[in-house]
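*Asks:* The numbering used here numbers the first residue of the sequence shown as 566 and each following residue consecutively. C-beta atoms are modelled at their ideal positions from N, C-alpha and C, and glycine is treated no differently.
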Amino acid sequence: MQGEYTMDRIVQSYMESFLISQQIEEKDQSKQFEMFASYCAVEQHYTDTYNLADIITAEGGDCGIDAIAIIINGTMITSEEEVDDLIELNKKLSEINFVFIQAKTTSNFDYGDMGTFGTGVKDFFSEHPQMVRNELLEEKSKLVEYIFSKATYIKRKPICYLYYVTTGKWVDDQNCAGRMDIARNDLLDMNIFDDVKYIPVGSDLLQKLYRSTIDVVETEINFENKILLPDILNVTQSYLGFIDYNEYLKLVTGDNGEIRKSVFYDNVRDYQGDNPVNHEMAETVSSDPYKFVLFNNGVTVICKKLSYLRNKFTLTDYQIVNGCQTSHVLFNNRESIKDGLQIPIKLIETENDETVNQIIKATNRQTQVSDEQLIALNEFHRKLEAFYGTFSGTNRLYYERRSKQYSYGSDIEKVRIVSIAMQIKSIASMFYDKPHLASRYYGKLLSSIDGVFSDDHQLLPYYTSAYTLYRLEFLFRNKTLPSQYRKFKYYILMMLKYSLTDERIPEMNARKMNKLCEKILKVTNDNMKLTEEVNKVTSLIDKYVEDITSNESTKSGSLVDNLKSEFRMQA
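1. Note down the Cα distance separating N832 from K722, rounded to an integer number of angstroms.
2. Just the C-alpha distance for A1003 and E581, rounded to the nearest angstrom, thanks.
3. Does the count of Cβ pairs from the region 1036 to 1052 and the region 994 to 1003 closer than 8 Å reach three?
4. Report the rounded CA-to-CA distance for P765 versus Y676, giving the unit in angstroms.
5. Name the two residues that bound the continuous beta strand (DSSP E) containing L1159.
6. Where does P723 fall in DSSP's three states?
7. If you count every other CB in all the chains shown that lies within 10 Å of the CB of P795, and 16 or more means buried, which is it?
8. Name, in chain order, the residues that DSSP records as bridge partners for D918.
9. Which value, in whole angstroms, describes the spacing of the CA atoms of K1087 and D631?
10. On a Cα-Cα basis, can you pick out the residue from F896, Q907 and R966 that is closest to N861?
11. Across the region 781 to 793 and the region 746 to 762, are there enough close Cβ pairs to call them in contact, namely three or more that are closer than 8 Å?
12. List the endpoints of the continuous beta strand (DSSP E) containing G677.
13. Flag this pair as yes or no: are the beta carbons of K708 and I642 separated by less than 9 Å?
14. For the beta strand (DSSP E) holding Y763, just list the boundary residues, first then last.
15. If I measure Cβ to Cβ from K687 and keep anything under 8 Å in the same chain, skipping five residues before and after, which residues do I get?
16. Taking 7 Å as the limit between beta carbons, can you name the residues of its chain near N821, skipping five residues before and five after?
17. Relative to the alpha-carbon of L814, which residue among Y804, L805, S803 and K826 has its alpha-carbon at the smallest distance?
18. What does the alpha-carbon distance come out to for the pair K990 and I1014?
19. List the DSSP bridge partners of N790.
20. Whether or not the region 709 to 721 and the region 645 to 652 are in contact is what I'm after, with contact meaning three or more pairs of Cβ atoms, one per stretch, closer than 8 Å; do they touch?
21. Cα separation between R1137 and Y953?
22. For V983, list the residues DSSP reports as bridge partners.
23. Do F689 and I633 come within 9 Å of each other at the CB atom, strictly closer than that value?
24. Rounded to whole angstroms, what's the CA-CA distance from D678 to T671? Just pull it up for me.
25. Taking the C-alpha atoms as reference points, what is the distance between D976 and S691?
26. Which of the three DSSP states, helix, strand or coil, is assigned to D882?
27. Report the three-state DSSP secondary structure of T784 (helix, strand or coil).
28. If you run the structure through DSSP and keep just helix, strand and coil, what is T643?
29. For my contact list, S1030 and D613 are in at a C-beta cut-off of 8 Å; report their separation, rounded to the angstrom.
30. Sorted by chain position, which residues of the same chain lie with C-beta nearer than 8 Å to V842's C-beta, five sequence neighbours on each side aside?
31. Could you have a look at T865 and say whether DSSP puts it in helix, strand or coil?
32. Roughly how many angstroms lie between the CA atoms of M600 and I621, to the nearest whole one?
33. Where does the unbroken beta strand (DSSP E) through N1092 begin, and where does it stop?
34. My output table needs one value for P909: the three-state DSSP class, helix, strand or coil.
35. Do you know offhand how far L727's Cα is from G685's?
36. What do you reckon, are the CB atoms on C605 and F665 nearer than 9 Å?
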């Protein structure tokens, strides 16, 4: 990125808050802005916890592309194995979104740069690319090629988003708009996209995008046809009724006009695409909308706060815990739905976690939702969340059982949030010796580990694995550790465990396991000692991996065996 660095004070303030929340120590303001802009754009499509390093591509040979996010069935994809696992789980790839970002700190929209960005994206998808690509871009390209190779499972062509972000003001300049149209049409002509959206983001919209990542979701609806349910223990108030389709749409549609993924309960929100049930539902809303209220089981909405004036209800911090398929079908058919369609709805205000869990389990047992999808409701995870809370200061991490649990209205550094997926990957790698499976979709990884999250397990190993991963990411992010080893971070977790003990690794339910964890944490908390240990174990990676730039080497079970053999020889 080049050009004069000009930024209004609000964007500057937001960016500084973002850098703190992500523990980014990068001094180059252009690179800071690239990361900030990329985060704001991707958060409009994916709201779970993820690592920025997995989307940033900006360096030499980036084709004018600063970041790329690949999102399938509501999951951010970083490996071919995750694609395979989603196919096995869902039997299809029903929603594919490609998100590209180009960020410029200049105070104007340059139509030449906007055209170059479009050309770079087109070349990225070309079967015969002409532009030089860096390693990060090449990895993303290979992943996209793999996705398209699974064409028989793709039920709808992908949607491609291009975000061109500056610190200036968008005034709908004819030259810029023309370049956007050319780029969009060029990509549509490739006949691989259902739609292409080129979005110019100036200072005002950028502020709005960032605010959407930290503000509590709040929506006002008109709810006339309702009855107040009798008093229920731990429920402040609850209503049963039916709501006009246009009012319901307000609950599930974001400011950008896209479906609001974050309001669907975590892990129970994968849209199943045009399966027989959803197809029949779509037929009903189009051909016989007045009967929809009779045929549909309805949706259940739980909110932290519910206020009303007559029939105007304001829902604050709400989640749709049952009705993901209904919501997506209604949203996808919004152009053909006639006035008068009504949706059965239960509206519940409660802040009691146990009550929320009971409602989620009960409503989702009526549909085909697996135990794996309801994992966050298990008692073990509530205990683990509380255990994380016993640490303070620089050792504090936050175990996120629900999506966005710690995101709204808090000053928590986002990199300190540990999602269930991150926990599974870290514990599997460090204490179950499965770093080669960490690139898989976490549900698949979970099924390959016997006994994980057992009630009799010590809790400290779970925290230790997540905290060590957090510390490794910090050192990689701020370039204390060589970046080429980041792809082996899960192997490093495993090797650190073996490197720091001469004894047999205790069982997960043994008290001796806590002593080992304390030993690991003592090293992990010291930058110098941790760096020294990591450098020592990465020398073993050099010994057994011929090409450390290749992602394939991170999926090798034989590499696990070879590395473990080194520590047996040292014992």
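*Replies:* Reading from the atomic positions:
1. At N832, the pLDDT of 45 sits below 50, so the modelled position is not reliable and the matter cannot be decided from this model.
2. 32 Å
3. With a cut-off of 8 Å, the region 994 to 1003 and the region 1036 to 1052 do not count as touching, because too few Cβ pairs lie within range.
4. 11 Å
5. Because the chain in this structure spans residues 566 to 1136, residue 1159 falls outside the shown range and cannot be described.
6. coil
7. exposed
8. Beta-bridge pairing links D918 to no other residue.
9. 37 Å
10. Q907
11. The region 781 to 793, when compared against the region 746 to 762, does not touch it at the 8 Å Cβ threshold.
12. G677 -> not in any beta strand (DSSP E); alpha helix (DSSP H) instead, spanning Y676 to F690.
13. Contrary to the premise, residue 708 reads as Leu rather than Lys in this sequence. In this structure, I642 lies closer than 9 Å to L708 by Cβ.
14. Run containing Y763: D760 to V766, per the beta strand (DSSP E) assignment.
15. If we look at K687 and ignore the five residues flanking it on each side, its Cβ neighbours are A748, D751, L752 and M755.
16. When the five nearest sequence neighbours on each side are left out, the beta carbons in the same chain lying within less than 7 Å of the beta carbon of N821 are those of Q609, in order along the chain.
17. Nearest neighbour of L814 by Cα position, chosen from Y804, L805, S803 and K826, turns out to be K826.
18. For K990 and I1014, the distance between alpha carbons rounds to 11 Å.
19. F807
20. yes
21. Nothing in the structure corresponds to residue 1137, since the chain is present only between 566 and 1136.
22. Y964
23. yes
24. 11 Å
25. 43 Å
26. strand
27. Residue state, collapsed to three classes: strand.
28. coil
29. Their Cβ separation, rounded to whole angstroms, is 19 Å, which puts S1030 and D613 out of contact at 8 Å.
30. Cβ within range, chain order: Q890.
31. strand
32. 7 Å
33. DSSP places N1092 outside any beta strand (DSSP E); the residue lies instead in the alpha helix (DSSP H), whose first and last residues are N1092 to Y1109.
34. It is a strand residue.
35. Their backbone Cα atoms lie some 11 Å apart in a straight line.
36. no
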